[in-house]
Amino acid sequence: MNKNLRWKLLTSLAVFVIFFAVGVYPLMAQHFQLPIPGWLAARQLKLGLDLKGGVHLVLRVQTDDALKITTTTTSEQLREALKTAGITVSSIAVTSPTSFHVEGIPQEKDGEFTRLADDQTSVNFQRSSGAGGSYDFTMRPNIAVTMREQAVTQARETIDRRVNELGVAEPIISLYGQSNDEILVQLPGVTDVARAKEIIRNTAILELKIVEAGPAGSQEALLQQFGGKIPEEMEVLQGAAASGDSSFYLARKVAGVTGRDLRAARATIDENNRPAVGFSLTNEGARKFGKVTGDNIGRLLAIVLDNRVVSAARIESKITDEGRITGTFTSQQVADLALVLRTGALPAGLTYLQEHVIGPSLGADSIRSGVTASLVGLLLVVGFMLIYYKLSGVNAVVALIFNLVILLGLMAYIGATMTLPGIAGFVLTMGIGVDSNVLIFERIKEELAAQRGVRASINAGFSRVFLTLLDTHIASLISAAFLFQFGTGPIRGFAMTLVIGLISNLFTSTFVSKTLFEAVLSYRQTATLSI
Amino acid sequence: MQIIKTPHFDFLRWRWFAIGLSWLIILAGAAVIKTKGLPLGIEFSGGTIVIVQFDQQPPDPSVMRNALERAMPGEGQNAIIQRYGQESARQYMIRVPDVGAEAGAGLSEKADRVLAALKAGNIGSFTPAGREIVGPAVGQDLRSKGKWAMILSLLGILLYIAFRFQFSFAVGAVVATIHDLLVTFAFLAFFRYDLSLNVIAAILTVTGYSTNDTIVIFDRVRENIRGMRRDNLYDVVNKAVNQTLGRTIITAGTALLSAVALFLFGGEVLHGFAFTMIVGIVTGTYSSVFIAAAIAVIWQSWVKKPGKMATSAPAASAPPTPKTRKPGRRRAS
Chain C
1 MNKNLRWKLL TSLAVFVIFF AVGVYPLMAQ HFQLPIPGWL AARQLKLGLD LKGGVHLVLR
61 VQTDDALKIT TTTTSEQLRE ALKTAGITVS SIAVTSPTSF HVEGIPQEKD GEFTRLADDQ
121 TSVNFQRSSG AGGSYDFTMR PNIAVTMREQ AVTQARETID RRVNELGVAE PIISLYGQSN
181 DEILVQLPGV TDVARAKEII RNTAILELKI VEAGPAGSQE ALLQQFGGKI PEEMEVLQGA
241 AASGDSSFYL ARKVAGVTGR DLRAARATID ENNRPAVGFS LTNEGARKFG KVTGDNIGRL
301 LAIVLDNRVV SAARIESKIT DEGRITGTFT SQQVADLALV LRTGALPAGL TYLQEHVIGP
361 SLGADSIRSG VTASLVGLLL VVGFMLIYYK LSGVNAVVAL IFNLVILLGL MAYIGATMTL
421 PGIAGFVLTM GIGVDSNVLI FERIKEELAA QRGVRASINA GFSRVFLTLL DTHIASLISA
481 AFLFQFGTGP IRGFAMTLVI GLISNLFTST FVSKTLFEAV LSYRQTATLS I
Chain Z
532 MQIIKTPHFD FLRWRWFAIG LSWLIILAGA AVIKTKGLPL GIEFSGGTIV IVQFDQQPPD
592 PSVMRNALER AMPGEGQNAI IQRYGQESAR QYMIRVPDVG AEAGAGLSEK ADRVLAALKA
652 GNIGSFTPAG REIVGPAVGQ DLRSKGKWAM ILSLLGILLY IAFRFQFSFA VGAVVATIHD
712 LLVTFAFLAF FRYDLSLNVI AAILTVTGYS TNDTIVIFDR VRENIRGMRR DNLYDVVNKA
772 VNQTLGRTII TAGTALLSAV ALFLFGGEVL HGFAFTMIVG IVTGTYSSVF IAAAIAVIWQ
832 SWVKKPGKMA TSAPAASAPP TPKTRKPGRR RAS
């Protein structure tokens, strides 16, 4: 055996051992309870949702919500500033998520108004003047884009925290699609879909607001003292239907304390031993809360969650850093509410676009079918190769197994997930591997038929087919690349398997297979080849 | 062992017949799609699928349909109710075309109503085994993405082959690939398989597979052109198809073995995938032998003087411009 050949054999063997250890041994260890080092077990090939069972959700972040909050806050700040400066305007109204409109600015105050307005709004808004002392303020496009991005990122992070608190193992939470406002959430093993969905979607915007009027049985009764009109800086809030409160409250639009000021939230009980959520505030929040409660002793403080008043209690004394949300909650609701408050509010509402629930039995069925199909396919192909190519067929089968081991090993190494289409990708890789061997073997046969020697025929077969293999593999890689681009979860798994399979196949069919031929020839100088 | 010993079939003689046959299948497919439509998978059409697992022998689908119809008038008729997986699994799939309100948590409302209707129908105890709900926005998004993946993938292959071989080959390969796509769609329409994401994956795979086949033949043509410059392209191509015939048959055969195994044992989810693969492997093989090579020859004869190739044409009749391709001398780059 010459030195070159020994080197090639060693390389092949090393590659096999490494990929076997990474890709195949952990699976065997799990199945047969063999010892395995922890770092290797951690690299084990993961099963996709379609095989393991679980929930797959696609949500859209209503980024308009986040912009509207900024627009409202800015317009309210402008209102306060105008009031302080003694400029009276007839109305300030939010006209769309990204714009608001100011009307009835007295002519003589115009200069003062624009100076003040630019002071308050020019960072985020563009001002354009309309007829009769009116102005439109529109959010700058680049600011709007950034804010939308921020809202989506924040939403993703919030969902991430909530899912972690739920204790789901190996969840996937990622941006999805090309519209940049969709989020993919995969929760393996979760069965209570409704609860998971509710916890994820709960915006949990907590606001503590002083009640200006109410509670009243109807909106008309509430607004009687204001001449039936809602004062511009205020809004009407309804009691939360869940706690059986259908009253109406009038409160300021801008809250004294919000969920951002929370330091912690936990499940507790109120003085009547009913489940309640206790919360504590940050230093800054406590300072604000102290001022609000101190200034308003004797008035009602509403705890507003997602624009619904969950409870309204009379302020007996100045409160600083602790509070409690009471209402008619079950202990499960309290636990979930504490969870969402703890993990922070969502910057915007969410809607569900897609929901896919795979029961564990369905997943197990799919695994069984997929594995059975792959094995049957493999056996059929192996049988055919051995019958048709005789001893050279053994060579092809070894190359095929090599290929599958490398494929499994690489997938485990890069942390890819095994999905059902991924199994299909395995089958396809098998097909491509066989094709490469067939191409080479048929070529060797041709060369043998042309009366070249065995060694010369094998060399010619491999070298002539190499370019063909390169071309076919690159063309397939081009398709696989687009598949990957286009694909969502499972399809990507398929494309990924295919790409890895193509690369490893190029190696096994040209290098490993040839080395095997050479090794056999170096032992036995034969005049004929079993092919 | 050898399947065919040095064959000498005149494949190109059948080129017009093959093209005619393909047109026939494609037009028939188009007619079916035009009249009955192409059934879309839920990922593309949107809708609600509920999979239920019965504890005992499942009731007849018509019983389930009636139960749906009673609780949700008008819905039962439109629902697709099918056995899911093996008969022994006792699973049924119920698909209704729409979803609950997309806003808020209402998306799954329809699924809940279907389950409630089945429960109210008192048709035997069952547990929900899974469900899939796709809002309309997702489907639209996917449709456009799928289209672009297809177009870009074809363009990529066209450019690659034009770069590695010559333009007429690229035309042949791309026409063959489009042919495979259309024929596959025709068969999906004939056999009423849903066009799902998995099927799209299979179609794209088959595209790659067919190109694979085509490249193997073209590669041989390229090699042969070097050896036999005097022959015209017709003979060169015919010879290449014959030389690679053994490989073509064996490869198609083994790929078909795998695909059939997937079809028979792969379970419900892979059914459409495997069917598409089977159709694709057959048409892909057929098209690379009968269509791709034929189109390359036809294209060449349209662009150049009919029959003879540029290399063998006398310089007087076709003064070579710098742009004239000379396949015979063009080495692989």
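Listed in order, the protein sequences are those of chains C and Z. The numbering used here applies: residue 1 is where the first sequence begins, and numbers increase by one. The numbering used here applies: residue 532 is where the second sequence begins, and numbers increase by one. Yeah, the Cβ is synthetic: ideal placement off N, Cα and C, and Gly gets one too.
Just to confirm, are C:Phe-482 and C:Arg-492 a CB contact at a threshold of 8 angstroms?
What you label residue 482 of chain C is simply residue 482 of the first sequence in a count that begins at 1. What you label residue 492 of chain C is simply residue 492 of the first sequence in a count that begins at 1. No, the pair does not count as a contact, with Cβ atoms beyond the cut-off.
Going by the beta-carbon positions, is the gap between Z:Ile-654 and Z:Tyr-740 smaller than 8 angstroms?
The residue you call residue 654 of chain Z lines up with position 123 of the second sequence. The residue you call residue 740 of chain Z lines up with position 209 of the second sequence. No, these two residues do not count as a Cβ contact at 8 angstroms.
So, at 7 angstroms on beta carbons, what are the nonlocal neighbours of C:Ala-213 in its own chain, with the 5 sequence-adjacent residues on each side left out?
Residue 213 of chain C sits at position 213 when you count from the first residue of the first sequence. Counting only Cβ-Cβ distances below 7 angstroms, and skipping sequence neighbours, we find Leu-222, Gln-225, Leu-250.
Is there at least one Cβ from chain Z nearer than 8 angstroms to C:Ala-480's Cβ?
Indexing the first sequence from 1 puts residue 480 of chain C at position 480. So, interface residue.
Going along chain C, which residues have a C-beta under 8 angstroms from Z:Val-747?
If you number the second sequence from 1, residue 747 of chain Z lands on position 216. Those are Leu-439, Thr-468, Thr-472, listed as they occur along chain C.
Within 10 Å of its beta-carbon, does C:Glu-182 have 16 or more other beta-carbons around it, so buried, or fewer, so exposed?
Counting from one through the first sequence, the residue named residue 182 of chain C turns up at place 182. Buried, by the Cβ-count rule.
To which residues does DSSP link C:Val-94 through a beta bridge?
By one-based count along the first sequence, residue 94 of chain C stands at place 94. DSSP lists C:Phe-100 as partners of C:Val-94.
Between C:Glu-207 and C:Ile-230, what straight-line distance do the alpha-carbon atoms span, to the nearest angstrom?
To locate residue 207 of chain C, count along the first sequence from 1; it is residue 207. To locate residue 230 of chain C, count along the first sequence from 1; it is residue 230. In a straight line, the C-alpha of C:Glu-207 is about 20 angstroms away from that of C:Ile-230.
From the DSSP output, read off the bridge partner residues of C:Ser-218.
The residue given as residue 218 of chain C occupies position 218 in the first sequence. DSSP, once it has assigned bridges, lists no residue as partnering C:Ser-218.
Nearest to Z:Gly-777 by CA position, among C:Asp-471, C:Glu-446, C:Arg-455, C:Glu-112, is which residue?
For the purposes of this step, residue 777 of chain Z is taken as the residue at position 246 of the second sequence. Out of C:Asp-471, C:Glu-446, C:Arg-455, C:Glu-112, C:Glu-446 has the C-alpha closest to the C-alpha of Z:Gly-777.
If you run the structure through DSSP and keep just helix, strand and coil, what is C:Pro-188?
Position 188 of the first sequence holds residue 188 of chain C. Correct three-state label for C:Pro-188: strand.
Anyone know if the C-beta pair for C:Ala-144 and C:Ala-348 falls short of 8 angstroms?
Locating residue 144 of chain C in the first sequence gives position 144, where the first residue counts as 1. Locating residue 348 of chain C in the first sequence gives position 348, where the first residue counts as 1. Not a contact, by the Cβ cut-off of 8 angstroms.
Residues in the region 412 to 430 of chain C with C-beta within 9 angstroms of chain Z's C-beta atoms, listed in sequence order?
Leu-420, Pro-421, Ile-423, Ala-424, Gly-425, Val-427, Leu-428, Met-430
At 4 residues or longer, what runs of the alpha helix (DSSP H) sit wholly inside the region 637 to 708 of chain Z?
640 to 651, 667 to 695
Rounded C-alpha distance that separates Z:Ala-720 from Z:Val-714:
Along the second sequence, read from residue 1 onward, the residue named residue 720 of chain Z stands at position 189. Along the second sequence, read from residue 1 onward, the residue named residue 714 of chain Z stands at position 183. Roughly 10 angstroms between the two C-alpha positions.
Who are the neighbours of C:Ile-358 on chain Z, taking C-beta pairs under 8 angstroms?
Position 358 of the first sequence, counting from 1, holds the residue named residue 358 of chain C. Correct list: Gly-661.
Taking 6 angstroms as the limit between beta carbons, can you name the residues of its chain near C:Val-357, skipping five residues before and five after?
For this step, residue 357 of chain C is matched to residue 357 along the first sequence. So the list reads Val-55, Val-193, once near-sequence residues are dropped.
Minimum C-alpha distance to Z:Leu-929 - residue among Z:Ala-562, Z:Asp-541, Z:Phe-548, Z:Leu-571:
In the structure as shown, chain Z starts at 532 and stops at 864, and residue 929 of chain Z therefore has no counterpart that could be examined.
I'd like to know whether the C-beta of Z:Gln-697 is nearer than 8 angstroms to at least one C-beta of chain C.
For the purposes of this step, residue 697 of chain Z is taken as residue 166 along the second sequence, with counting starting at 1. Not one chain C Cβ lies under 8 angstroms of Z:Gln-697.
DSSP beta-bridge partners of C:Arg-127
Taking the first residue of the first sequence as position 1, residue 127 of chain C is located at position 127. Looking at the DSSP assignment, C:Arg-127 forms a beta bridge with C:Phe-137.
Closest Cα partner of Z:Ala-668 within the set Z:Val-563, Z:Ser-576, Z:Ala-717:
Here residue 668 of chain Z is taken as the residue at index 137 of the second sequence, counted from 1. Checked all of Z:Val-563, Z:Ser-576, Z:Ala-717; the closest Cα to Z:Ala-668 is Z:Ser-576.
Where C:Thr-528 falls: helix, strand or coil (DSSP)
If you number the first sequence from 1, residue 528 of chain C lands on position 528. Coil, per DSSP.
Take the Cβ of C:His-31 as the centre, count every other Cβ of all protein chains shown within 10 Å, and call the residue buried at 16 or more, exposed below.
Indexing the first sequence from 1 puts residue 31 of chain C at position 31. Its Cβ having fewer than 16 others within 10 Å, C:His-31 is exposed.
In the region 165 to 191 of chain C, which residues sit with their C-beta less than 9 angstroms from some C-beta in chain Z, listed in chain order?
Gly-177, Gln-178, Ser-179, Glu-182
My guess is that C:Ile-87 and C:Leu-78 are in contact by the Cβ rule of under 8 angstroms, so how many angstroms apart are they, rounded?
Here residue 87 of chain C refers to the residue found at position 87 when the first sequence is read from its first residue. Here residue 78 of chain C refers to the residue found at position 78 when the first sequence is read from its first residue. Incorrect: roughly 10 angstroms between the Cβ atoms, too far for contact.
Taking the beta carbon of C:Pro-421 as the centre, do at least 16 other beta carbons fall within 10 Å, making it buried, or is it exposed?
In the first sequence, counting from the first residue as 1, residue 421 of chain C sits at position 421. Buried, by the Cβ-count rule.
Please confirm if the region 499 to 507 of chain C is in contact with the region 415 to 433 of chain C, defined as three or more CB-CB distances below 8 angstroms between the two stretches.
yes
If you measure beta-carbon to beta-carbon, which residues of the region 779 to 793 of chain Z are closer than 7 angstroms to chain C?
Ile-781, Thr-782, Thr-785, Ala-786, Leu-788, Ser-789, Ala-792, Leu-793
At 7 angstroms on the CB atoms, spell out the chain C contacts of Z:Asn-729, in chain order.
For the purposes of this step, residue 729 of chain Z is taken as the residue at position 198 of the second sequence. Those within 7 angstroms of Z:Asn-729 in chain C are Pro-421.
Do the CB positions of C:Val-292 and C:Gly-256 come within less than 8 angstroms of each other?
Mapped onto the first sequence, residue 292 of chain C falls at position 292. Mapped onto the first sequence, residue 256 of chain C falls at position 256. Yes, they are a contact pair.
Apart from the five residues just before and just after C:Val-477, which ones in its own chain have a Cβ nearer than 7 angstroms to its Cβ?
Residue numbering aside, residue 477 of chain C sits at position 477 when the first sequence is read from its first letter. Looking at the sequence shown, residue 477 of chain C is not Val but Leu. If we look at C:Leu-477 and ignore the five residues flanking it on each side, its Cβ neighbours are Val-499, Leu-502.
Kindly confirm or deny that the region 462 to 473 of chain C and the region 558 to 572 of chain Z touch, where touching means at least three C-beta pairs closer than 8 angstroms.
no
For C:Asn-395 and Z:Lys-641, the rounded distance between their alpha carbons
As a position in the second sequence, residue 641 of chain Z is number 110, starting the count at 1. As a position in the first sequence, residue 395 of chain C is number 395, starting the count at 1. When rounded, the distance between both Cα atoms is 56 angstroms.
Just to make sure I have the definition right: I need the residues of chain Z whose C-beta is within less than 7 angstroms of the C-beta of C:Gly-377. Which are they?
Taking the first sequence and counting its residues from 1, the one referred to as residue 377 of chain C is at position 377. The contacting residues are Leu-788, Ser-789, Ala-792, Leu-793.
Where Z:Thr-736 meets chain C, residues with beta-carbon distance less than 7 angstroms:
As a position in the second sequence, residue 736 of chain Z is number 205, starting the count at 1. Neighbours of Z:Thr-736 on chain C, chain order: Leu-428.
At 8 angstroms on the CB atoms, spell out the chain C contacts of Z:Asp-541, in chain order.
Numbered from its first residue, the second sequence carries residue 541 of chain Z at position 10. Residues of chain C passing the Cβ test: none, with the nearest at roughly 20 angstroms.
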